[in-house]
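Okay, so here's the structure we're looking at.
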Amino acid sequence: MKRKFNVTVDGKTYAVEVEEVSGRGEAPSPVSPPKARVSVRERTVSPRAPVEEGVISAPLPGVVSDLRVSRGDSVEAGDVLLVLEAMKMENEIHAPSGGVVEEVFVGVGDQVGRGAPLGKVA
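4 is the number of the first residue of the sequence shown in our numbering; add one for each residue after it.
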């Protein structure tokens, strides 16, 4: 039995005839997917270089968007030292302990990698 339909696509109307098929047809047998080849390689991780005491490192790669301290400033544990922008998110970098900012290794607009030294608090 044929059925007629009017179908509109992109503003144009088409007359379409569709033959109705009974649901008693034979379904094709399922085919198992091909086996994927997997190769395993051991990855060795080189140990990180020792970090000098008091040096604050970047926890993730990003761009320095704001510096809140400068050399000689006194800070307390938890104070915001700078802001790193990564993936459109602003990440505040806090002082791990109180002390005096001895050095600031970065400036606004600098791009830093993960683990890069940002400054030193002693």
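Cβ atoms here follow ideal geometry from the backbone N, Cα and C, with glycine treated the same way.
Nearest in C-alpha terms to K7, of all of D13, V19, K15 and G14, is V19. Proximity to V72 across F108, E22 and P62 peaks at F108, based on C-alpha coordinates. Contact holds between the stretch 99-113 and the stretch 72-90, because three or more Cβ pairs, one in each stretch, are under 8 Å apart.
A Cβ-Cβ contact shorter than 9 Å links V66 with Q114. For the pair L85 and L70, the CB atoms are nearer than the 9 Å cut-off. Exposure of G110 is indicated by the presence of fewer than 16 other C-beta atoms within 10 angstroms of its C-beta. V21 and K5 do touch by the CB rule: their CB atoms are close to 7 Å apart, below 8 Å.
The three-state reading of DSSP puts F108 in coil, since its state is none of H, G, I, E or B. Going by C-alpha positions, R74 is about 23 Å away from E93. With 16 or more other Cβ atoms inside 10 Å of its own Cβ, G122 counts as buried. Ranked by Cα distance from G57, the options V34, G116 and E106 are led by E106. For S60, the secondary structure class from DSSP, reduced to helix, strand or coil, is strand. Linking A125 to A61 through their CA atoms gives a straight-line distance of about 17 Å.
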